[in-house]
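See structure below.
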Amino acid sequence: MSSAHRAFVIMPFGEKKVADGTVIDFNTVYRELLAPAITAAGLAPHRADADRRGGSIHLDMFQDLLLAEFVVADLTLDNPNVWYEIGLRHAMRAGGTVLTYALRDRLPFDIAGQRMQRYTLEEGRLVPNLIAAERTALKEAIDATLGAWRGRRASPVYQLIPSLKEPDWKTLKVGDLNEFWQALENWQSRVEIARRKQRPGDILVLAEETPNSALEFEALRTAAGALQRLNRPRYALSVIEQARQLDPDDVKARQIEGIALGRARRYAEAREALRRLAEEQKDGETLGLLARTWKDEWTQIWNAHPQRKLDPLVAARDTAVTLQSAASAYVEAYRVAPGDYYPGINALTLGRLWEHVTGRKSRLPLSLIAAGVGWSANVAVERRDKEQYWALATRAELALMDDRKDDAIEDYSEAAALAVANRDWFALDSSGQQLDFLGELKFHSQIVAEAADVIDRAEQQLRTLLGSRPEQRVEPTHVVVFSGHMIDDPKVRGEGKEKPPRFPPSKIAAAAERIRLALDEVDAGDSDLGLCGGASGGDLLFAEACLERGMRVELRLARAENEFLAESVTFADPDHRWERSFVAAKENPFTTVFVMPEELGPAPKSVSVHDRCNRWILYTALSQGLLKTSVIALWNGEPGDGPGGTQNMVELVHTLTGRQPIIIDPASL
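Residue numbers (numbering that gives the first Met the number 0): 0 to 668.
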């Protein structure tokens, strides 16, 4: 749902004379021919004169010219600005350009062979009976260019210099501040806030609202990385696939894909994806990720061993050949990037573990690796870079390997405190899993046990900071989503009114009972979570029923609370029944209220806030796991009054899950 891809139009503005004195109104050409053809091709047309803000028009023009996915240039006149701009585009970007013109018999030799589309002018005007056909022809030329194989270089500059590479888009920032970059920075801040708050559902909504199409790839890659750090690999894969459609060759995106495949337990696919990348990009990070697939394979074989539960050490000894392969793969990665402590500490840990389970001395240069890892981790800790947690955790694990208990516990404690401050659940979970694994194999058991206690306490502290009570799980056992009709507004619904009855007050008691039965049907209990929008009628009846049985409830409001109450709660509430219900639910200690514009920022102009809220609620539930999610809908089976109603939620559930909600038809009550 990101904005349409932008097409920047290079052309003269207003009325211009040709050599014979004929006047051409280029604004009419743009309005009646170029803009409609561009729009029909699924792009958003834009000219530099549309930017009416203060400051230099050149800054906006250059930014559009460099970052727009597509450029259409009108070369009818020998306008120096147009020729200069198309030359700049050809020099800086390899493709995505269509040239159009009128009046000329031919264009200059230097641009011959480019995709061009001629249109017709008579006495300086478009020919009425030709406009439709020429729009279609231009639209088809744009479609053909958009659909061309991604490796094709349309720019004559890039065609003639095969080794020439486009500049990194991040180097194309014009000026100190402009809308492209400010929008991206604001959006990335929201994604980071959602990650810190452990809200993958928020990130999934934001991933559909990338700030502008010019920077869509970077935005999607950011969202996928955040979902991966929240341990939602399947959703990370969904988002990174969208990013890779925009730039299939980006190394970081391919690395994210490989990691996510592995964490989704699609080990063979992960190894193949990373193997192909390593053949092209033999860097330490890629080789380290490839080595991780060997570690995952050993873990899988170890877990499948018949003695795994009874005697994990025997199971590890019997699978030591694969363990050695994993350690060797990490050593190879560390050789390529000796300054990177990640493959180094993994090589060391798996190598020492192999020695522990086999009782033999490894031939791998583990002492040298330990020295190198210690140096690089110390440098990273002292530099206090953004990967500070992992540097501290690496140094702690190195101390554990060397049986230096005090150093290990000190570094684990400092790392854990940093993870809590950064709300980084993924980091704590990763360290916790590693320590649990070492503990099972009785490797330096005393240090491992104390370090695991440090991580456990930090996780408990983080649960409290993230808003859950100490006795509750961060993730519920089961999530129940509700969507349903609001109570009928007697001014517009009922006998003799504009619309027929849908959910009249006479149905309230029966609907409340049927919602309770539906919760029984999905076996909802006090370890579960109920999600709804908080409106009068169905939503608040559902919230009341959930709270009765000790469930947690999240009310997710589509608008600021005062606006939401006026629009969705108190509009038909003469006895204040729904207002009291809303306040009671809101003030219940088991309820959390989220206000969408505060959590996600304002909705894009083209998006209904109610449709957005439906997606927000459903994505939040599904991010906990499809099998943990149930949906109940109070719906009469009819289309809604506008976008984002109950019908929209029912269709969204079916599209995303292939399932049907439990439907309660008010007419049957």
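Ideal Cβ placement from N, Cα and C applies to all residues, glycine included.
Just so it is clear, the structure is predicted and the values come from calculations on it, not from any experiment.
Check	Outcome
From 584, 86 and 267, residue whose alpha carbon lies closest to that of residue 157	86
Spatial neighbours of residue 469 in its chain, beta-carbon cut-off 8 angstroms, leaving aside the 5 residues before and after	In this prediction, residue 469 has a pLDDT of 37, which is less than 50 and means its spatial position is unreliable; what the coordinates show is noted afterwards. Only 459, 462 and 463 meet the Cβ criterion.
Reference residue 415, options 426, 406 and 405, closest by Cα	426
Per DSSP, the bridge partner or partners of residue 531	554
Where the alpha helix (DSSP H) containing residue 690 begins and where it ends	A question about residue 690 goes unanswered here, because the residues of the chain that appear run from 0 up to 668.
Beta bridge counterpart(s) of residue 44 as assigned by DSSP	6
Under 7 angstroms between C-beta atoms of residue 337 and residue 358	no
Endpoints, the beta strand (DSSP E) within which residue 215 is located	Segment 215–228 is the alpha helix (DSSP H) holding residue 215; no beta strand (DSSP E) there.
DSSP bridge partner residues for residue 483 (one or two, in chain order)	633
Nearest candidate by alpha-carbon position, reference residue 333, set 324, 323 and 345	345
Beta-carbon proximity list for residue 691, same chain, < 6 angstroms, skipping 5 on both sides	Residue numbering for the chain in the displayed model covers 0 to 668; residue 691 lies beyond these limits and cannot be assessed.
N- and C-terminal bounds of the beta strand (DSSP E) containing residue 117	115–117
Where residue 130 sits in the DSSP three-state scheme	helix
Own chain residues within Cβ distance below 7 angstroms of residue 37, not counting five before or after	6, 44, 71 and 141
Span of the alpha helix (DSSP H) around residue 455	444–464
Nonlocal neighbours in the same chain, by C-beta distance under 7 angstroms from residue 172, ignoring five residues either side	180
Close Cβ partners of residue 684 (< 6 angstroms) along its chain, the five nearest in sequence each way excluded	Residue 684 lies beyond the residue range present for the chain, which begins at 0 and ends at 668; the question has no answer from this structure.
Own chain, CB closer than 6 angstroms to residue 325, minus 5 neighbours either side, in chain order	293, 294, 297 and 349
Alpha helix (DSSP H) segments (min. 4 residues) lying fully within the stretch 308–372	311–317, 319–335 and 340–357
Which of helix, strand or coil DSSP assigns to residue 572	coil
Proximal residues to residue 447 (C-beta, below 8 angstroms), its chain only, five neighbours per side dropped	399, 434, 437 and 438
Cβ-based burial, residue 8 [other Cβ within 10 Å; buried from 16]	buried
Among 621, 664 and 4, nearest to residue 654 - alpha-carbon criterion	621
Beta-carbon proximity check, residue 390 vs residue 411, cutoff 7 angstroms	no
Residue 664 - partner residues in DSSP beta bridges	In the DSSP output, where bridge partners are listed per residue, residue 664 has none listed.
Residue 16 versus residue 22: straight-line alpha-carbon distance, rounded	4 angstroms
Residue 432 classed as buried or exposed, judged by whether at least 16 other C-beta atoms fall within 10 angstroms	exposed
Residue nearest to residue 287 in terms of C-alpha spacing, selected from 634, 300, 270 and 299	270
With 16 other Cβ atoms within 10 Å as the buried cut-off, status of residue 254	buried
Residues near residue 660 in its chain [Cβ-Cβ closer than 7 angstroms; skip 5 each side]	630, 631, 632, 649 and 652
Cutoff 6 angstroms; reference residue 351; Cβ partners in own chain excluding five residues on either side	400
Any 3 or more C-beta pairs closer than 8 angstroms across the stretch 546–560 and the stretch 501–508	no
Proximity to residue 619 [Cα-Cα], best of 529, 586, 26 and 94	529
Residue 61 at chain C interface by Cβ criterion, 7 angstroms	In the displayed structure, chain C is absent; only one protein chain is listed.
Alpha-carbon spacing of residue 478 relative to residue 553, whole angstroms	11 angstroms
Own chain residues within Cβ distance below 8 angstroms of residue 440, not counting five before or after	311, 312, 315, 352, 355 and 356
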